[in-house]
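Residue numbers (the numbering used here): -7 to 66. Backbone N, C-alpha and C define an ideal beta-carbon position, used for all residues, glycine too. It should be emphasised that the depicted structure is a prediction, and the values quoted were computed from it without experimental measurement.
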């Protein structure tokens, strides 16, 4: 499971209703379907850990290992 928490850079508050996708490195894993952040700014994915990128509303906001809980600022 991978959880992405999206916060606003300006005030650190959770960003609700943002479209989040995971793009995994490698030829076989591809891009996850989108999930929307909840009231806590979190989007949950049933995905195995691995290298890749986090996209929020189509923009890459994180590149590295996708595992556990990742906090990104927009």
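When the options are compared against residue i, the one with the closest alpha-carbon
i: residue 45; options: 35, 23, 28, 60; result: 23
i: residue 33; options: -6, 10, 59, 18; result: 10
i: residue 57; options: 17, 7, 0, -3; result: 17
i: residue 60; options: 31, 35, 29, 26; result: 35
Residue i (DSSP reduced to helix, strand or coil)
i: residue 52; result: strand
i: residue 0; result: coil
i: residue 6; result: strand
Beta-bridge partners of residue i, as assigned by DSSP
i: residue 61; result: -5
i: residue 32; result: Residue 32 pairs with nothing; no bridge assigned.
Cα-Cα separation, residue i to residue j
i: residue 37; j: residue 2; result: 26 Å
i: residue 0; j: residue -7; result: 23 Å
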